[in-house]
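Colleague:
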Amino acid sequence: MAAGKTLYAVRLLILLALLVTAPFRKADAVNVTFQLEKLVDFGQGFVIAGNVAPLGNWDPAQAAFMTVTGDRDWSVTVDLVAASTVEYKPVKIVYDTRQVLEWLPGNNLVLNVPSKGPIYVSVNFP
């Protein structure tokens, strides 16, 4: 009888642990690479800001920092939640300080993240 109660208690503890940690487990993520082609002045660069944590929750200082290849090919890769909808915009910044120089004008851009990846998103900045 004691063994049955012990087994029940162990199962209950495992179930409780699963329930408590469920909100903290990483959801399925999709590898998303944002690409932008734009020549900017020396010392300037870009971030991708958006409504999710990997994109800084609209805070350019916390946004996804793009790196440059050559003189005009910018890119950054982030993990976004699979099968989600994300709003985002590129932001031109001072490269070292992340001081905002210019947000992409107009409405937010919308990305419907697929359930599987990786994916590549080409972004225009006038």
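Throughout the sequence shown, residue numbering follows mature numbering (1 follows the signal peptide of the UniProt record, and there is no 0), covering -29 to -1, 1 to 97 in sequence.
Positions of the beta carbon are idealized from the N, C-alpha and C atoms, including for glycine.
All values derive from a computational prediction rather than experimental measurement.
1. Determine the DSSP secondary structure at L26, reduced to helix, strand or coil.
2. How is the beta strand (DSSP E) around Y59 delimited, first residue to last?
3. With distances taken from CA atoms, which of V1, F17, I90 and N2 is nearest T68?
4. Can you check whether the CB of A35 is closer than 8 Å to the CB of V49?
5. Applying the 10 Å Cβ sphere with the 16-neighbour rule, what's the burial state of V84?
6. Under 8 Å, do E73 and R43 count as touching if we go by C-beta distance?
7. If F96 and L75 are in contact, beta carbons under 8 Å, what's the gap, nearest whole angstrom?
8. Would you kindly check if the distance between the Cβ of K87 and the Cβ of V1 is under 8 Å?
9. Taking Cβ positions, are Q15 and Y91 nearer each other than 8 Å?
10. Within a Cβ cutoff of 6 Å, which residues of the same chain sit near F5, ignoring the five residues on either side of it in sequence?
11. Roughly how many whole angstroms lie between the Cα atoms of K63 and D(-2)?
Modeller: Reading it off the structure:
1. helix
2. T56 to V65
3. F17
4. For V49 and A35, yes; Cβs fall inside 8 Å.
5. The residue in question, V84, is buried, as its Cβ has 16 or more Cβ neighbours within 10 Å.
6. no
7. 6 Å
8. yes
9. no
10. Answer for F5: I19, V47, V92 and V94, listed in chain order.
11. 30 Å
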